[in-house]
Structure formats: structure tokens, C-alpha cells
Amino acid sequence: TIPKVAQKEELHCDLSRFSASLKSCENTQNTSEINLNKRTKSIYTPLELQFIEMKKQYKDAVLCVECGYKYRFFGEDAEIAAKELNIYCHPDHNFMTASIPTHRLFVHVRRLVAKGYKVGVIKQMETAALKAAGENKSSVFSRKLTALYTKSTLIGEDVNPLLKLDESVGVEEVTTDVPDNYLLCICENGENLKDKKKGDIVIGIMAIQPTTGEVIFDSFRRS
1 TIPKVAQKEE LHCDLSRFSA SLKSCENTQN TSEINLNKRT KSIYTPLELQ FIEMKKQYKD
61 AVLCVECGYK YRFFGEDAEI AAKELNIYCH PDHNFMTASI PTHRLFVHVR RLVAKGYKVG
121 VIKQMETAAL KAAGENKSSV FSRKLTALYT KSTLIGEDVN PLLKLDESVG VEEVTTDVPD
181 NYLLCICENG ENLKDKKKGD IVIGIMAIQP TTGEVIFDSF RRS
């Protein structure tokens, strides 16, 4: 028979070994999770960071971002473009992305606007040659929003390439109809006017036709 003291010592030794083994297993698991997190951690590219900042400013618009000889869509905008324009959409780094050639921008902008979307065009503000010769040649291209298109503002060279006399564009591809929609602005002024009845509200209305420059305005008083 084994003395009780020896049994207690053996049991204590076994428990110590089990505890040490458990801690070792937990440490191994934690190390694996840390390594996995390091491998799967998302790091945005400079272009993606630039897009994120632009998207914060124009959340309700589908943004076309000029990248060399094509315009790219990112994230939800890419999925919308793929669905509405019937183009290919695929994951790239941290976003879904889709693209169109630069000379077809006017076609796709018109299609998106016709389907009820507000479309923003973001262009490169510097050429590759100038950037290569500059001091910041390793940084991302400077870009900014140059146009925001809706059904009432569908004018300009992006949507009418004949303005640029681009020979690569067929005349039959350009929609010749002029949008007859108006931009409407309504403004209320609740300030009391000296010679008017106290409490009256002045409401002003202005409508602008961007294509022709026609302006219609009026105001009335509501008590």
C-alpha cells in the first residue's frame, strides 16, 4: 500500500503538470490568434484612403474615380455600377471594384443618372509625367470632385464629348436631347419686416435651367 502522504504528493504533482500543460495550451492558442489577426488585418491602400475621404463628403453619390486610362468604382458604388451598367465587379484589397474606360464615361454617367442615381466624377489633378518629375512622385495622385451629375445637371464635357471634339466618339452615341429639368430652390424667411404684418413668413422660390441659363423666381408671404 502507498502511504497517504505519498498519494497526496503524487496527486499534487499531477495537478501541477496538468495546470502547466493547460497554460501552455492557452498561450499557444493566444499566440495563434494574434498571428491570425496580424495576417488578416485590413490595411487600406493610399487610393482607398483617398476614396474613403471623398465618400464621406458625397455619401449620396456614386463616385467615378479616375485612375490612369479608366474610371474605377469602389465598394457599394462598384456593386451598383456592376448591376446597372452590366460590367464586371470583383474584390480588390479591401473593396469591391469595377471599372470603365475613360472615353466611355459619358455613356455610363448618362445611364446611371437615367436610373435615378447622383453621379460624382473625381479626376486626377496631375499627370504621370509631372508627378514623376516632382518631389512627391511616390505619393498618391492628387484628385478632386470636378462634377456632380443629376437629371437636372446633365451638362458639360463629361456627358457631351462633342465639346472636346474627340474623334474616337461616334456622333450617334451622344444623346442629343437637352434636359428640360429645372433646379428648384425654396427658402423661408421668418424674420419680421418693419413694414409688414408681424409674424408673416416670406417664402422665395427660384428655378434654374442649367442648359439654357433660364432663371424663374418669385416670392410670396404666408401669415
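Counting in full-length UniProt numbering, the sequence shown runs without a single skipped number right up to 223 at its last residue.
Where a beta carbon is used, it is the ideal one built from N, C-alpha and C, also for glycine.
Small disclaimer: the values here were computed from a predicted structure and weren't measured.
Is the beta carbon of L93 less than 9 Å from the beta carbon of E48?
This sequence places His at residue 93; Leu is not what is there. Contact annotation: H93 and E48 have beta-carbon atoms nearer than 9 Å.
Looking at the strands, I want to know which residues DSSP matches up with K70.
Paired residue(s): C67 and P101.
I'd like to confirm the pairing. Which residues does DSSP put opposite L148 in its beta bridges?
DSSP lists G120 as partners of L148.
Leaving aside the five residues before and after V159 along the sequence, list all residues of the same chain whose C-beta is less than 7 Å from its C-beta, in chain order.
Within the same chain, V159 has close Cβ partners F106, V109, R110 and Y149.
Helix, strand or coil for V202 per DSSP?
Residue state, collapsed to three classes: strand.
Beta-carbon proximity list for F217, same chain, < 6 Å, skipping 5 on both sides:
Within the same chain, F217 has close Cβ partners M206.
Using a threshold of 9 Å, state whether the C-beta atoms of G75 and M54 are closer than that.
When the beta-carbon positions are compared, G75 and M54 stay at least 9 Å from each other.
Please name the residue, chosen from D77, Y182 and K144, that lies closest to K118 on a Cα-to-Cα basis.
Of the candidates D77, Y182 and K144, the one whose C-alpha sits nearest the C-alpha of K118 is D77.
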